[in-house]
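Residues 71 to 449 (this note's numbering) are what the sequence shown spells out, left to right. Beta carbons are placed, not taken as given, at the ideal position from N, Cα and C, and that holds for glycine. Here is the structure we will look at, set down as structure tokens.
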Amino acid sequence: MDKKVGEVEKDGPNNLQASRKVALRIVKHYAYSLQFSFTHMQVDREGVVDAIKKYASTYKFQVMDFLADRCFVLEAIKSAAGAFKFADDKLRVDKDFIRESLKRNGLALKYVGEEFQSNKDFVLEAVKSNGCAFEYANTELTSDREFVLEAVKTSGFAFQYVDELLQADKEIVFHAVKNTGRVLNYASSDLRADREVVYEAVKNSGLALYYANTGLRADRNIILQAVKNHGWALYYAAPHLQADREIVLAAVKNDGRAFFYADASLRADPMIIIEAVKGTPSVIQYADANLLTDRQFALEAVNANGMALEYLGLVFRADPEVVLEAVKSDSFALKFADVTLREDRQIVFEAVKKGASVIKYADPCLQKDSEILEMISKD
Numbered sequence: 071m072d073k074k075v076g077e078v079e080k081d082g083p084n085n086l087q088a089s090r091k092v093a094l095r096i097v098k099h100y101a102y103s104l105q106f107s108f109t110h111m112q113v114d115r116e117g118v119v120d121a122i123k124k125y126a127s128t129y130k131f132q133v134m135d136f137l138a139d140r141c142f143v144l145e146a147i148k149s150a151a152g153a154f155k156f157a158d159d160k161l162r163v164d165k166d167f168i169r170e171s172l173k174r175n176g177l178a179l180k181y182v183g184e185e186f187q188s189n190k191d192f193v194l195e196a197v198k199s200n201g202c203a204f205e206y207a208n209t210e211l212t213s214d215r216e217f218v219l220e221a222v223k224t225s226g227f228a229f230q231y232v233d234e235l236l237q238a239d240k241e242i243v244f245h246a247v248k249n250t251g252r253v254l255n256y257a258s259s260d261l262r263a264d265r266e267v268v269y270e271a272v273k274n275s276g277l278a279l280y281y282a283n284t285g286l287r288a289d290r291n292i293i294l295q296a297v298k299n300h301g302w303a304l305y306y307a308a309p310h311l312q313a314d315r316e317i318v319l320a321a322v323k324n325d326g327r328a329f330f331y332a333d334a335s336l337r338a339d340p341m342i343i344i345e346a347v348k349g350t351p352s353v354i355q356y357a358d359a360n361l362l363t364d365r366q367f368a369l370e371a372v373n374a375n376g377m378a379l380e381y382l383g384l385v386f387r388a389d390p391e392v393v394l395e396a397v398k399s400d401s402f403a404l405k406f407a408d409v410t411l412r413e414d415r416q417i418v419f420e421a422v423k424k425g426a427s428v429i430k431y432a433d434p435c436l437q438k439d440s441e442i443l444e445m446i447s448k449d
């Protein structure tokens, strides 16, 4: 088990590799503190040096050697951008090192200084790594239209930090949401009501529909595109579209749980239920009562997802054909079969053939069946 930061064994190995691990753990720990601004935990560079000296003295290494070690510090920066602050002075002014730091973790832009926060090449390098690094770019760059356009094409997440005036620029917004649909949230209200922009946003992220003007939630083409990307977008659709068969079918194909947002009238539609069951077997229990007594429907349901057997009535869990179909689809369905069918050799054999571990659900006598055990041993 990993030790806490700074904790070392009294008789730990006195070698460079172990020393590096301890030092790296400490640097990462304090770097996280800086990165997330936990005020009570913030420390300066000297504090990190002291910590390494105090807790890693057992290994007798030179702490400054590690903070001047390019590979060591880059590894720390990769995990926590704030580690840049602890690098040796020479590294922190080395352009190649700074560029490599930004490649490893774009958020290191916060610590590199004004010169590089105003440099388009370095800022773009940071944005490639993490679009949120744009937060630390100089305001001249975040209000530079051409540069902003390039940045949001690189990472849509950069859009949330651009100048407010540019958040009303349709071309910029279009490319931002095309890259990262969720940033529709930061677009001007006019553009959140723009059909072309919203369509592009939901094509990338269906749940971006949440940020669209409510009037567009009644736009059939937008809703259809949204649910194809993320079934749960059905939740934000206008009521009449939650009753639209094509839209609901597309939604449950993407995510069976979208069924819960469909209009109640569609609970009697077997095709919609079966599609939903493929990904979410529990949906079947909410089907229309007439379907739940239909044997053919039960067979189709367990064929789509064997685990649907758990939610069917006792009559089907005691039906040999239904249970056999279920275990062929998913061996763990054996767990939900009626106890009498767990004594059925054919059913148990079929289940174990798909997954040996389900033997534990079989009748004790069949758990000792030589042919079944032989098959398991070959698995």
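First and last residue of the alpha helix (DSSP H) that includes residue i?
i    : result
N299 : 290-299
S335 : That residue, S335, is in no alpha helix (DSSP H); it is neither H nor E in DSSP.
I446 : 440-448
S399 : 390-399
R171 : Looking at the sequence itself, residue 171 is Ser, so the reference to Arg does not match. From DSSP, the alpha helix (DSSP H) with S171 extends over 165-174.
N269 : According to the sequence shown, residue 269 is Tyr rather than Asn. Y269 -> alpha helix (DSSP H) spans 265-274.
L219 : 215-224
R262 : It is not in any alpha helix (DSSP H) - R262 carries neither H nor E in the DSSP assignment.
A157 : Note, A157: premise wrong, no alpha helix (DSSP H); not H, not E.
S352 : First-last for S352: undefined, no H or E at that position.
E145 : 140-149
Q187 : 184-187
K405 : Here K405 belongs to no alpha helix (DSSP H), and DSSP marks it neither H nor E.
H310 : No alpha helix (DSSP H) holds H310; DSSP gives it neither H nor E.
D191 : 190-199
E420 : 415-424
A374 : 365-374
I429 : It is not in any alpha helix (DSSP H) - I429 carries neither H nor E in the DSSP assignment.
V232 : V232 -> no alpha helix (DSSP H), and no H or E assigned at all.
Between the Cα of residue i and those of the options, spot the shortest distance and give me the residue it belongs to.
i    : options                : result
F450 : L443, N373, G183, T410 : Limits of the chain in this structure are 71 at one end and 449 at the other, which puts residue 450 out of reach.
K405 : K323, M341, A432, L382 : A432
F192 : L172, G201, N283, E210 : L172
A396 : A371, D414, K190       : A371
R452 : C141, G152, E316, L304 : Nothing in the structure corresponds to residue 452, since the chain is present only between 71 and 449.
A332 : T350, E413, L311, V347 : L311
P340 : I317, T350, Q366, G349 : Q366
G349 : R415, N375, S335       : N375
D289 : K398, P309, D325, I342 : P309
F402 : L379, P390, A157       : L379
E234 : N249, V247, T209, H245 : T209
D414 : V163, D439, D400       : D439
A313 : V297, L411, A334       : A334
N249 : T224, Q237, L236       : T224
A56  : K190, A238, G251       : Nothing can be reported for residue 56: it is not among the residues displayed for the chain, which extend from 71 to 449.
V247 : G226, A357, I343, V182 : G226
G251 : L411, L277, V163, D389 : L277
K165 : N200, V182, V253       : V182
For residue i, I'd like the list of residues in its chain whose CB is within less than 8 Å of its CB, leaving aside the five on either flank, ordered along the chain.
i    : result
I446 : V422, A426, I429
Y231 : C202, F204, E205, A207, T212
E195 : R169, L172, K173, G176
S259 : N283
E316 : L294
K424 : V397, K398, D400, S401
I292 : R265, V268, Y269, V272, L279, A282, L286
I417 : P390, V393, L394, V397, L404, A407, L411
L384 : D408
How close, in whole Å, do the beta carbons of residue i and residue j come, if the pair is a contact with beta carbons under 8 Å?
i    : j    : result
A338 : N360 : 7 Å
L219 : V243 : Going by Cβ atoms, the distance from L219 to V243 rounds to 10 Å, so no, they are not a contact pair.
D264 : G301 : Actually they do not touch by this definition, with Cβ atoms about 24 Å apart.
Y256 : F217 : The pair is not a contact, with the Cβ atoms about 17 Å apart (cut-off 8 Å).
K198 : A151 : About 15 Å; that fails the 8 Å criterion.
Leaving out five residues on either side along the sequence, give the residues of the same chain with a beta carbon under 6 Å from the beta carbon of residue i.
i    : result
A368 : L382, F386, V392
Q437 : I429
A178 : I147, A151, F154, S171, L172
D36  : Only positions 71 to 449 of the chain appear in the structure, and residue 36 is not among them; the question remains open.
F58  : Given that the chain is displayed from residue 71 to residue 449, the structure contains no residue 58 and the question cannot be resolved.
A238 : S258
For residue i, I'd like the list of residues in its chain whose CB is within less than 7 Å of its CB, leaving aside the five on either flank, ordered along the chain.
i    : result
E345 : L319, V322, K323
Q295 : Y269, V272, K273
P434 : none
Y280 : Y306
L450 : Residue 450 lies beyond the stretch modelled for the chain, which goes from 71 to 449, so this question has no answer here.
M71  : With a pLDDT of 40 at M71, under the threshold of 50, the modelled position of this residue cannot be trusted; read the value that follows with caution. Contacts found: none.
Q355 : Y381
Counting only C-beta atoms, is residue i closer than 8 Å to chain D at any point?
i    : result
K448 : Checking the listed chains, one finds no chain D in this structure; it contains a single protein chain.
message: I'd like to know if the stretch 177-186 and the stretch 213-226 are in contact, where contact means that at least 3 CB-CB pairs between them fall below 8 Å.
response: Contact fails between the stretch 177-186 and the stretch 213-226, because fewer than three Cβ pairs, one in each stretch, are under 8 Å apart.
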